[in-house]
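I have placed the structure first, in the form of structure tokens, so that the comments after it can refer back to it.
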Amino acid sequence: MLQNLGPSSSNPHSHSSPPTSTPTGTSPAQPPPPIGGRRSSFGLNFLSNFNAMRSNHQPASPPTDNTHSFMSNSPTIANLNNYAMSTTLHDEAVANAQSSTTNSDSDNLQLSEPETDLLESEEDRNGMDKDGFFSVRLTPLIDHSSSASGLYFSPVIRKIKPEANISIGRYTEKNKAAAHAPQGSSAPIVFKSKVVSRSHALFQCNEDGQWFLKDCKSSSGTFLNHIRLSPASQESSLMPLVDGDIVQLGMDYRGGAEEVYRCVKMRCEFNKSWQRKVNQFNLEIHKKLKNLQINTEEPSDLAECAICLNKIEPCQALFISPCSHAWHYKCIRPIIIKSYPQFYCPNCRTMCDLETDLDEDE
Amino acid sequence: MAALPKRIIKETERLVSDPVPGITATPLEENLRYFEVTIDGPSSSPYAGGVFQLELYLPDDYPMCAPKVRFLTKIYHPNIDKLGRICLDVLKDNWSPALQIRTILLSIQALLGAPNPDDPLANDVAEDWKKDEKKAIEVAKEWTVRFAKAKLEE
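Chains X and L supply the protein sequences, listed in that same order. Just so you know, full-length UniProt numbering puts the end of the first sequence at 362, numbered straight through with nothing missing. Just so you know, full-length UniProt numbering puts the end of the second sequence at 154, numbered straight through with nothing missing.
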């Protein structure tokens, strides 16, 4: 990975001087990565309940599952994942020892295990979905601990074919339709903010599922991880993006006191549509949580709370995220309220929307 | 001083009971939030054979914010500056409270194995690295012998 190092001192991911606050120490590797850069795992896989879960019913086999395919494009993190393997194996041994007491439970789960492969194969390595689309999901970056909050908007999901573009611009009478386009369409992305130019920027995706961002001569600028891509009214080059990047359109005008003068700050997720469907892991956790309430005699093998490191036990107030990670409510609360209704899972770094309609599916 | 959160006690215990190969972290008796750390250079890197000393401090709002970590041993690396400060995403914006002391130290060890001159902290080193990687690696080896091995032979 290190050899095909990307270009440019203008790369917004690199620092030109020792930074006071690193905008992104992130994304060490900005080279357009061969695989659709998924930074989502971050070597956190081995921390999350995921592996601990799996280990209980896959005693003999090492975790050859998605831990690899989810691997990020950052060399440091990629390495970490390798390191993590050994740790995981060790932890598994421990987990296995513990789980021998809860056989009945793991037997149930074993039956459904093979389906996992089906779920995974729905999407290929690049993150292309089965219809040949790549996806982007934009969620407003909310931080209630800061006074300068950007424009609030409902999360936007768009899908495009390789080599296609999606334009990003201001909401006008002419593009009204785009504002109401269904999630997952290829419609332009529009925002009701006056600091966004009519033709502000665009997303592009190449054949490998690598996404790019370009400023299209916007007057108030496009920022990638806090760094402006081009001066006013000048087009920028195509900047490679990675999962989790923060994009800002324009700057607050008149202090952003009025909603329409607020800039748009959003976190981008790429090619993760697989994560939004119900998967085996979600089902298993759901089952385990049910057992947690009913069967208080058997020790629960639900993993510990990643924040306080204590076990999750009956009669404790819990919070379970849409990605099926669980913590004590008390432990996770600061993270929930910080960016409500968006929730950024500390275990798997999925962005979840806590205001999602509850009757949406089925 | 306020009582030490249980999480820190737990992490400390686990660092002892289940140590990470090639990494040690020992809290000071007088300040259990301050750790003396050593990391072995990864074997396939120019830092192989070196033992690097670091300091790690857990701020008051840990684990809601990242530990502060700094190299004490001089090291020639594009992402580590003269003062030992480290440029690593998980120590800054990408910190997650699900990470721990052990995972952060593993990340740092991984950073030694994968220097990234395109996201530099030490600009001079990064430039040398980009201009002539072979030579830069030689210098890194030399520094490892001079600063990270000398200690061992004392």
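Just so you know, even glycine gets a beta-carbon here, dropped at the ideal spot from N, CA and C.
Asked                                                                                                                                         : Found
Own chain residues within Cβ distance below 7 Å of X:C205, not counting five before or after                                                  : F134, I160, P162, A164, W211
Buried or exposed (CB count within 10 angstroms, at least 16 for buried), X:G250                                                              : buried
Where X:G256 falls, given that 16 or more other Cβ within 10 Å makes a residue buried                                                         : buried
Outcome for L:E11 when other beta-carbon atoms lying within 10 angstroms are tallied against a minimum of 16                                  : buried
Every unbroken alpha helix (DSSP H) within the UniProt domain "UBC core" (3 to 149) of chain L, with a cutoff of 4 residues, ordered by chain : 6 to 17, 101 to 113, 123 to 131, 133 to 143
Close Cβ partners of L:G22 (< 6 Å) along its chain, the five nearest in sequence each way excluded                                            : D40
Buried/exposed call for X:Q183, threshold 16 Cβ in 10 Å                                                                                       : exposed
X:C268 in three-state terms, based on DSSP                                                                                                    : strand
L:N79 and L:N116 closer than 8 Å at C-beta                                                                                                    : yes
Range covered by the beta strand (DSSP E) that runs through X:R170                                                                            : 165 to 170
Separation of L:N94 from L:C65, as counted between CA atoms                                                                                   : 10 Å
Residues bridged to X:V242 (per DSSP)                                                                                                         : DSSP, once it has assigned bridges, lists no residue as partnering X:V242.
Beta-carbon proximity list for X:R228, same chain, < 6 Å, skipping 5 on both sides                                                            : G221
Contact list for the stretch 334 to 345 of chain X against chain L, Cβ threshold 8 Å                                                          : P334, I335
Anticipated Cβ contact below 8 Å, X:E355 with X:P341, distance rounded                                                                        : 4 Å
Proximity of L:V37 and L:H77 at Cβ, strictly below 8 Å                                                                                        : no
Within chain X, the residues that L:V10 reaches when beta carbons sit closer than 7 Å                                                         : In the sequence under discussion, the amino acid at residue 10 of chain L is Lys, which differs from the Val named in the question. Neighbours of L:K10 on chain X, chain order: L309.
Where X:L249 falls: helix, strand or coil (DSSP)                                                                                              : strand
Buried or exposed (CB count within 10 angstroms, at least 16 for buried), L:K6                                                                : exposed
X:S237 (DSSP reduced to helix, strand or coil)                                                                                                : coil
Nearest neighbour of residue 363 of chain X, chosen from X:R137, X:D129, X:E207 [CA to CA]                                                    : Chain X is shown only over 1 to 362; residue 363 of chain X falls outside these bounds and no answer can be derived.
Cβ contact check for the stretch 276 to 289 of chain X and the stretch 238 to 250 of chain X: 3 or more pairs under 8 Å                       : no
Backbone CA spacing between L:L54 and X:H200 [nearest angstrom]                                                                               : 46 Å
Span of the alpha helix (DSSP H), counted from its first residue to its last, around X:C331                                                   : 329 to 339
For L:A136 and L:C87, the rounded distance between their alpha carbons                                                                        : 18 Å
L:R146 to L:W129 span [Cα, whole Å]                                                                                                           : 19 Å
Cα-Cα separation between X:S154 and X:S339, rounded to whole angstroms                                                                        : 14 Å
Interface residues of chain L facing X:N291 [CB-CB closer than 8 Å]                                                                           : By Cβ distance, chain L contributes nothing, its closest Cβ being about 23 Å from X:N291, past 8 Å.
Short CB-CB distance (under 8 Å) between L:R7 and chain X                                                                                     : yes
N- and C-terminal bounds of the alpha helix (DSSP H) containing X:A177                                                                        : 176 to 179
Residues of its chain near X:C216, where Cβ-Cβ distance is below 7 Å and the 5 sequence neighbours each way are ignored                       : S199, H200, A201, L202, E235
Cross-chain neighbours of L:P59 in chain X, by beta carbon under 9 Å                                                                          : Ordered by position in chain X, no residue passes the 9 Å Cβ test against L:P59, which lies about 14 Å from the chain.
Cβ neighbours of X:D245 in the same chain (closer than 7 Å, five flanking residues each side left out)                                        : L224, N225, C268
X:Q342 - containing beta strand (DSSP E), residue span                                                                                        : 342 to 344
Cβ of X:S99 within 8 Å of any chain L Cβ                                                                                                      : Note that X:S99 has pLDDT 41, beneath the 50 cutoff, so the model's placement of it is unreliable and the number below is only indicative. Judged by the 8 Å Cβ criterion, X:S99 is not in contact with chain L.
Within chain L, the residues that X:A317 reaches when beta carbons sit closer than 8 Å                                                        : The premise fails here: X:A317 is roughly 17 Å from chain L at the closest Cβ pair, so nothing lies under 8 Å.
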